[in-house]
Ligand SMILES: Cc1cc2nc3c(=O)[nH]c(=O)nc-3n(C[C@H](O)[C@H](O)[C@H](O)COP(=O)(O)OP(=O)(O)OC[C@H]3O[C@@H](n4cnc5c(N)ncnc54)[C@H](O)[C@@H]3O)c2cc1C
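Residue numbers (the numbering used here): 17 to 581.
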């Protein structure tokens, strides 16, 4: 509590100082300074101090300036003065100077918060006392999976257990970086460099021991995890890891619903390598189509079918459509009408996670840019060069599957209770019932909200919050205190549907079942601001910002980076 109070005071002071940047745009000194104090205190409480992270703090807080501008200046202030918010092109131009003020506010807030934290640490010592050594035998917490759930669980455990040297935290993952999936479609669409959306686990985690390896089995009786640490190498290198607490955070895989030909011929869209393969394949299709003389064969090469109209499918269709149409100038023998991007979806509207009006808006905007929709249609089969639908067949050389996922198949091998999707059943505290010290979260777990009793969706937004609760609960268990139930209300959802267009539905705090809806350029700004703020690590943020800036001035890159054979 004392820690949070100290952060709030320092953040409040930083917020007051930073809000001077907003005065020229907003006027009204007293309310603006008060608002600065509240925002500064909130920012400092939520982020916490990291020694010498000046640039990181400035960029993170600077990125938050964009959504704050949208929510406060574009929406809340007009509403308070009795007007409806407007985002016509003319209005947006007048809002632009205020946006600059908000970004400056964020940058200054980040800088001042860092400065004040450094001064406070020198004057009254760091937030946390140095850890005292203790010779009792160490307990080992093993986390399986280095995605949103696993990495955040390790980060939160480091924070929770910083005073307890008797615990060793180990994280095992197949990849050595966290993949920031919300930006994966931008890699497939050649807007972002692949490595720029992956954050190295070793750099992010300080106390956690990291092992890159594949979990092959878990011996629950003897509390041991079996690993193959030879990924990519010729020789198998098996090892065993014992645990006191075990956390399953293995995520999900594509589920082809028994369509074996589709599984053989389609691209997955879950990992970084999937996105790289899709991008390279699209370029390959353009290269072949450019020298193809038969018009029908050319059209088949240039038809890209995406199965699934959820977030991943829609974002990918939007990005591929922009990419394919954006590189036409480099291929003189290909006409615009030869290119087809087709989205197949089993329901009668896309984006069922958003309200109907936003789903329809997304569809209209994408259709206007050339994307074709096959709604209320199922993917039935696939053959070389043909995608078979429930009511038709489309000649196409490219099929991407985003229409179904299932929990990681390793869960099937475990002697633990699962739901009908195969997700590990956990109680409200995220503990696996009747196996003390075993926990599960994220996409591989069936998590139920402790307050509402609703099933939590398999999204990064929930995985991050589950990780924070799980870390607190492991600590409580180690200290012999009761664990608490997991509760989180969704903050909303954002989806990019193509160049400079997005849809956003944000939950209004404390107002049940009501949401604010945004679309078009404003929602796209919000998407970029929010996700840039959430992308872990300053270096990655800067790299992504540079990619986005380069994209404004130069055509899409068509260099093939891997050999598809
Ligand atoms: C294209 C796309 C876009 C998305 N966009 C959004 C979005 O905008 N907002 C949102 O909230 N959610 C989004 N999601 C969903 C989000 O990515 C997942 O809900 C989230 O990643 C779940 O986190 P997790 O840690 O449970 O699983 P993951 O992040 O998938 O992590 C699983 C980890 O386990 C590792 N692993 C798997 N098997 C093994 C094994 N046998 N041995 C060792 N390690 C193993 C993997 O390498 C990985 O590191 C998106 C998903 C996709 C695919």
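Cβ coordinates follow ideal geometry from the N, Cα and C atoms, glycine included.
Spatial distance of residue i from residue j (CA atoms)
i: residue 442; j: residue 243; result: 24 Å
i: residue 169; j: residue 484; result: 6 Å
i: residue 582; j: residue 73; result: Since the first and last residues shown for the chain are 17 and 581, residue 582 lies out of range.
i: residue 70; j: residue 511; result: 31 Å
i: residue 420; j: residue 269; result: 9 Å
i: residue 224; j: residue 389; result: 46 Å
i: residue 399; j: residue 365; result: 27 Å
i: residue 330; j: residue 505; result: 24 Å
i: residue 97; j: residue 576; result: 54 Å
i: residue 287; j: residue 468; result: 32 Å
i: residue 61; j: residue 135; result: 17 Å
i: residue 171; j: residue 415; result: 37 Å
i: residue 336; j: residue 345; result: 16 Å
i: residue 359; j: residue 306; result: 24 Å
i: residue 44; j: residue 35; result: 11 Å
i: residue 426; j: residue 271; result: 14 Å
i: residue 319; j: residue 392; result: 20 Å
i: residue 428; j: residue 438; result: 7 Å
i: residue 568; j: residue 239; result: 53 Å
i: residue 412; j: residue 316; result: 5 Å
i: residue 52; j: residue 231; result: 48 Å
i: residue 342; j: residue 350; result: 12 Å
i: residue 50; j: residue 32; result: 7 Å
Check: residue i C-beta below 7 Å from any heavy atom of ligand 1
i: residue 460; result: yes
i: residue 230; result: yes
i: residue 174; result: no
i: residue 549; result: no
i: residue 192; result: no
i: residue 189; result: yes
i: residue 337; result: no
i: residue 163; result: yes
i: residue 226; result: no
i: residue 13; result: This structure does not reach residue 13, given that the chain is present from 17 up to 581, and the question cannot be answered.
i: residue 424; result: yes
i: residue 474; result: yes
i: residue 286; result: yes
i: residue 536; result: no
i: residue 583; result: This structure gives no information on residue 583, because the portion of the chain shown stretches from 17 to 581.
i: residue 205; result: no
i: residue 438; result: no
i: residue 266; result: yes
i: residue 327; result: yes
i: residue 201; result: yes
DSSP-derived helix/strand/coil call for residue i
i: residue 76; result: helix
i: residue 364; result: coil
i: residue 261; result: strand
i: residue 216; result: strand
i: residue 572; result: coil
i: residue 486; result: helix
i: residue 172; result: helix
i: residue 181; result: coil
i: residue 534; result: strand
i: residue 297; result: helix
i: residue 601; result: In the structure displayed, the chain extends from 17 to 581; residue 601 sits before or after that span and is not available.
i: residue 60; result: helix
i: residue 240; result: strand
i: residue 443; result: coil
i: residue 200; result: helix
i: residue 551; result: coil
i: residue 290; result: helix
i: residue 448; result: coil
i: residue 93; result: helix
i: residue 385; result: coil
i: residue 322; result: strand
i: residue 460; result: helix
i: residue 116; result: helix
i: residue 46; result: helix
i: residue 327; result: helix
i: residue 518; result: strand
Next on the checklist: Pairs of beta-carbons, one from the region 207-215 and one from the region 552-562, closer than 8 Å: are there three or more?
Outcome noted: yes
- Take every Cβ of the region 72-89, pair it with every Cβ of the region 115-131, and state whether three or more of those distances are shorter than 8 Å. yes
- Item | Inter-stretch contact at 8 Å, needing at least 3 Cβ pairs: the region 156-165 / the region 260-276 | yes
### Message
Within 8 Å, do at least three Cβ pairs link the region 286-305 to the region 373-380?
### Response
no
>> Three Cβ pairs or more, each shorter than 8 Å: is that satisfied between the region 513-522 and the region 366-373?
In response: yes
> Within the chosen definition, does the region 454-469 reach the region 276-284 through at least 3 CB pairs nearer than 8 Å?
Replying inline: no
query: Do the region 212-220 and the region 185-198 make contact, defined as three or more Cβ pairs closer than 8 Å?
result: Verdict: yes, contact present.
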